[in-house]
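These protein sequence lines map, in sequence, to chains A and B. Numbered per this note's numbering, the first sequence spans residues 178 to 618. Numbered per this note's numbering, the second sequence spans residues 17 to 452. We put the CB at the ideal spot given by N, CA and C, even for glycine.
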Amino acid sequence: MSQETALDPRKWNPEIAIVPFTLDNGLQVLVLPDPTLPVVSVQVHYAVGSRHEAPGITGISHLFEHLMFRGTATLGPEEFSRRLQAKGGEVNAFTTRDHTSYFENLPAEHLELALSLEADRLKHLKLDEENFETERQVVLSERKLRCVDSPFGLVEELLFATAYTEHPYRWPIIGWDQDLRRMTLEDCLAFFRRHYQPGEMLILVAGEAEPERVRELVERYFGDLPPGSREGQRVVEPPQRGERRAVFKKVSQVEALFAGFHTVGLGHPDIYPLMVLASILSQGRACRFYQEFVRPGRAVELEAEVYPPPWTAADPDLFIIRAVAAPGEPLPRLEADLWKALETLQQEGVTELELARAKKLLRSQTVQGLARTFYRGLMVALFHLKAGDGTLANGLLMAYDAVTAEDVLRVARRYLREDNRTVVTLKPVSPEESQVLGPLC
Amino acid sequence: MAVLAAIHEAILDNGLTVLGVEYTRVPWVSLAFMCKRGAETDPPDKPGVADWTAELLTQGTSRRSQLDLARDIEALGAALAARGGWDATYVHLDGLAEDMETLVATLAEVVTTPAFPEGEFALLRERRRAELVQTADEPREVANRAFARLFFQGAPYGHAVRGELARLEALGLDDLKAWYAREFVPQEGVLVCVGMAPFPRLVAAAAEHFGAWRGGGPASPAWREAPQRLAAPGIYLLDRPELTQSEIRMGHLGLPRRHPDYFPVRLLNYILGEGGFSSRLMTRIRSELGLTYGIRSTFAWRRAPGPFVISTFTPAENTALAVREIRRVVQEVRQAGVTAQELAEAQSYYIGHFPLGLETPRAVARQVLNIGLHALGLDYLARYRERLAAVTLEEVCRAAQKHLHPEDLVTLVVGPAVRVKEPLAEIGPVTEIQAE
């Protein structure tokens, strides 16, 4: 391609090439060949997340994610990361409600090293009580950081625990404090044996890599794993029949509320109008919430948010509104005006200008994401894992483009109903009062 | 696409430097205007002037109100954001490449014809007040700000860039206008564009929309000095009874960006505390002792010497142990240096990671802005890997002895005094400080 063509936005092709194959043992592989940069993103996804846990072992998926870095028969603790990082790699992992994902973004010539080390820790993981205990302490510190000492972490936990009554999305990914303390190494090993097998795995390689070469390497390093299967798990959260409210008291400078409305999972087409709706409400500066509440100083923050595809949960997720009242603004008044603003939208709909603006913002967001090999890989992998079809990633731009004003109005009326709403308010207390309420954990 | 496209440069007749990189991966443009003066030029009693000025630029121009501006920009799917930093102030406008000309025109309008509306200033002050009140709930932010204030003792780099609660009323609209009139001049400005657009087209658009701009001036002299006075080494405690973990900051004065030891120190710091699981601090404090989820050390590379700071957090009962161990790790690295293998791995990390750091237009723009700010040369990125590779073990070990000073560490703990003070006092005298 000439430089002139390469610099012409009209000639850009957003399509991600996807080459799928499956090993005899059931392991699924996706290759996204892309020669534009000499890098690859190697991703190993396991279809197990906090939803597959049970009370008593909440947080085990995430704790186990940490343990995967603690060494193998031949590698010491964290040696996995060190080796790959020494090649220029970005090495990390994350756990969600639906899956656990490990990745290495690195120069293309180290593809084999990444795959061989991923296979090594899957086949030869070595754990003992000592490194299990160390990692438990690390995760407890992480929980304090993200949840306990963070301004709204525990408020958000209470929102999910209140909005979901039966579905396992009700507990936090990082787990409850006491579960983290009582979990044993044996629990973790049983979890590992059950879920870390070909039936629940997806390997994805994006970037400068030939599909045939990837097939050969994956076959070499993972082909000898015994076949596995994916456990079906279907839990349906019963429809919410009336508003639920809860209060959380902690030391805070501000009053806040977190509201959640049950919506849809990633595979449902309503996720696109819901994204447009969230954008109209709170993306950028011309949006409704910024102009009505944030700019005039009534709210420090007022965000409407649904996890964007492909991050949306597999099962119906929450559309969340997060309002942090400015000092001096009574929360009840802010809340009443917030619901009024939603009612207005539900009665009058959105304007064509608002719709066009939101769609263009979402298009921009998607285009920007496509600049990263890692993100291209995630898009395809997460659609594949959660909606059963990785090619949905290629439909994202069109899906946003197809949303109409009627769609936005329909989802606003259907999902943002009072009966479908859970509200948790943060009520500030003094350090002394906080002490009387008992320890935070 | 080659890993590294060339950085092009043009200087407009009014003295404005234009730096561009032609980028072909996605149809995006990242535009940024940089004024090479930042919060270090805030008047001493008026912290926040540079940053508020930047923010107010986005709140209306001589042609458009804040709402019209936001609507027009967002109708293109673009995003406008401005902020003050240390050594420079930035106005970013990112959008789709098909709109490049409109985006350049809009950025020029924002940068060169601000309206400084009175009403928007009043609202901005209230938003900042609310934000600063809320910041007190974020332990990490509290620790970062308290450390800078404590460490720099009133010198530039010590105050909070976004303003300070106790001195909000000291700032007036006239201060912002005066700061803008003084510091926003084409000769101290750099326009950066990284995107799917041919450089000549960018220069033509820049000339059309920025060419007639003269600005005010004369800009403040660039701040390059080391502060006269710093906090005395020792342990300081900011009591936050409600916290379950302590935030820990330990630091001393670092080096300016143009220091000849930049590359050895960068590699040294990767090994000490920047390199994640490859770093000594992470290995000792997290992997071996399980005291924290995260720890890192940072040299803040600024025009004048910035701070070198180690940052972590740990459950309150571990605080004194963590402080002791961190100090021990710094001492070890200073005295015994690093190993040849550690150095080789640090070098191969930076060299191997180089293309990954240039994947997005925004990331490339960040590099180009830095090159422009510190006059690192248009060949900086082209020579970056060879410069890193040329650093020897002796140079890194010498840098450790010369630039790490464990005895000078100023240690700040933000945590519950009832649980941390006594154990800390066994290490040395503890001085309690108050929040802002």
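Cβ neighbour criterion (16 or more within 10 Å) applied to residue i
i: V601 of chain A; result: buried
i: D356 of chain A; result: buried
i: N190 of chain A; result: exposed
i: L200 of chain A; result: buried
i: Q545 of chain A; result: buried
i: M178 of chain A; result: exposed
i: P493 of chain A; result: buried
i: A514 of chain B; result: With chain B represented from 17 up to 452, any question about residue 514 of chain B goes unanswered, as that position is not in the structure.
i: T568 of chain A; result: exposed
i: Q524 of chain A; result: exposed
i: H287 of chain A; result: buried
i: I27 of chain B; result: exposed
i: E310 of chain A; result: exposed
i: M575 of chain A; result: exposed
i: S293 of chain A; result: exposed
i: P216 of chain B; result: exposed
i: Q220 of chain A; result: buried
i: T33 of chain B; result: buried
i: H222 of chain A; result: buried
Interface partners of residue i on chain A, CB under 9 Å
i: Q261 of chain B; result: S318, K321, L322, V325, D326
i: P377 of chain B; result: Q545, A548
i: R80 of chain B; result: Going along chain A, no residue has its Cβ under 9 Å from R80 of chain B, so there is no contact; the nearest lies around 12 Å.
i: S313 of chain B; result: In chain order: nothing, as chain A lies at least about 16 Å away.
i: E442 of chain B; result: Here the premise fails: no neighbours, minimum Cβ distance about 22 Å.
Residues that residue i contacts on chain B, provided the C-beta gap is smaller than 9 Å
i: G384 of chain A; result: Going along chain B, no residue has its Cβ under 9 Å from G384 of chain A, so there is no contact; the nearest lies around 10 Å.
i: P450 of chain A; result: Chain B residues near P450 of chain A: none, gap ~18 Å exceeds 9 Å.
i: P504 of chain A; result: R145, A146, V149, Q150
Continuous alpha helix (DSSP H) stretch holding residue i: start and end
i: Q75 of chain B; result: Unbroken run through Q75 of chain B: none, as it is neither H nor E.
i: V149 of chain B; result: 134-151
i: P457 of chain B; result: Residue coverage of chain B in this structure runs from 17 to 452, which leaves residue 457 of chain B outside it and unanswerable.
i: D110 of chain B; result: From DSSP, D110 of chain B is part of no alpha helix (DSSP H) but of the beta strand (DSSP E) over 105-112.
i: T447 of chain B; result: Per DSSP, T447 of chain B belongs to no alpha helix (DSSP H); it is in the beta strand (DSSP E), 446-449.
i: L428 of chain B; result: Not the alpha helix (DSSP H): L428 of chain B falls in the beta strand (DSSP E), residues 426-431.
i: T339 of chain A; result: 330-340
i: A558 of chain A; result: 550-564
Chain B residues whose Cβ lies nearer than 8 Å to that of residue i
i: R259 of chain A; result: F293, S294, E361
i: V221 of chain A; result: In chain order: nothing, as chain B lies at least about 18 Å away.
Range of the contiguous beta strand (DSSP E) that encloses residue i
i: C51 of chain B; result: 44-51
i: R499 of chain A; result: 495-502
i: G250 of chain B; result: 250-255
i: S218 of chain A; result: 216-223
i: K427 of chain A; result: 421-428
i: I264 of chain B; result: 261-269
i: G36 of chain B; result: 33-38
i: S313 of chain B; result: 311-315
i: L322 of chain A; result: Run containing L322 of chain A: none; DSSP gives neither H nor E here.
Contacts of residue i in chain A (Cβ-Cβ under 8 Å)
i: R399 of chain B; result: None at all; the shortest Cβ gap to chain A is about 18 Å.
i: R87 of chain B; result: A463, L530, R534
Neighbour list for residue i in chain A, Cβ cutoff strictly below 7 Å
i: Y309 of chain B; result: V315, S318, E319, L322
i: S365 of chain B; result: The question names Ser, but residue 365 of chain B is Tyr in the sequence shown. Q262, A263, G265, listed in chain order.
i: L109 of chain B; result: Simply none; closest approach about 12 Å.
7 Å Cβ cut-off: residues of chain B touching residue i
i: N571 of chain A; result: The contacting residues do not exist; N571 of chain A stays about 15 Å from chain B at best.
i: R472 of chain A; result: L139
Contacts that residue i makes with chain D (C-beta to C-beta distance below 7 Å)
i: W229 of chain B; result: The structure shown contains no chain D; its protein chains are A and B.
- Against chain B: residues of the region 522-540 of chain A by CB proximity under 9 Å: L530, A533, R534, A535, K536, K537, L538, L539, R540
- Message: Please give the ranges of any beta strand (DSSP E) in the region 173-241 of chain B, keeping only runs that are unbroken, at least 3 residues long and fully inside the region.
- Response: 205-211
- Query: What are the residues of the region 199-221 of chain B that lie near chain A, defined by any Cβ-Cβ distance shorter than 7 Å?
  - Reply: Correct list: M212, A213, P214.
- What runs of the beta strand (DSSP E), each 3 residues or longer, lie entirely inside the region 210-292 of chain A? 216-223, 267-272, 277-284
- Any residues in the region 32-59 of chain B with a beta carbon nearer than 8 Å to a beta carbon of chain A? Which ones, in chain order? Cβ contacts with chain A come from E38, T40, R41, V42, P43, W44.
- Query: What are the residues of the region 234-259 of chain A that lie near chain B, defined by any Cβ-Cβ distance shorter than 8 Å?
  - Reply: Flagged, chain order: F246, P254, E255, S258, R259.
- Item | Residue ranges of each alpha helix (DSSP H) within the region 355-408 of chain A, 4 or longer | 362-372, 388-399
- Mind checking the region 281-304 of chain A against chain B and listing, in chain order, the residues whose C-beta falls within less than 8 Å of any C-beta there? N282, L283, P284, H287
- Runs of alpha helix (DSSP H) lying entirely within the region 442-481 of chain A, each at least 4 residues, in chain order: Entirely contained in the region 442-481 of chain A, the alpha helix (DSSP H) runs reaching 4 residues are, in chain order, 448-459.
- Task: Closer than 7 Å, Cβ to Cβ, to anything on chain A: give me those residues from the region 147-177 of chain B, in chain order.
- Result: E147, V149, Q150, A152, D153, E154, P155
- Item | Complete beta strand (DSSP E) runs within the region 352-439 of chain B (minimum length 3 residues, chain order) | 426-431
- Message: Can you pull out the residues from the region 315-348 of chain B whose beta carbon lies closer than 8 Å to at least one beta carbon of chain A?
- Response: F329, T330, P331
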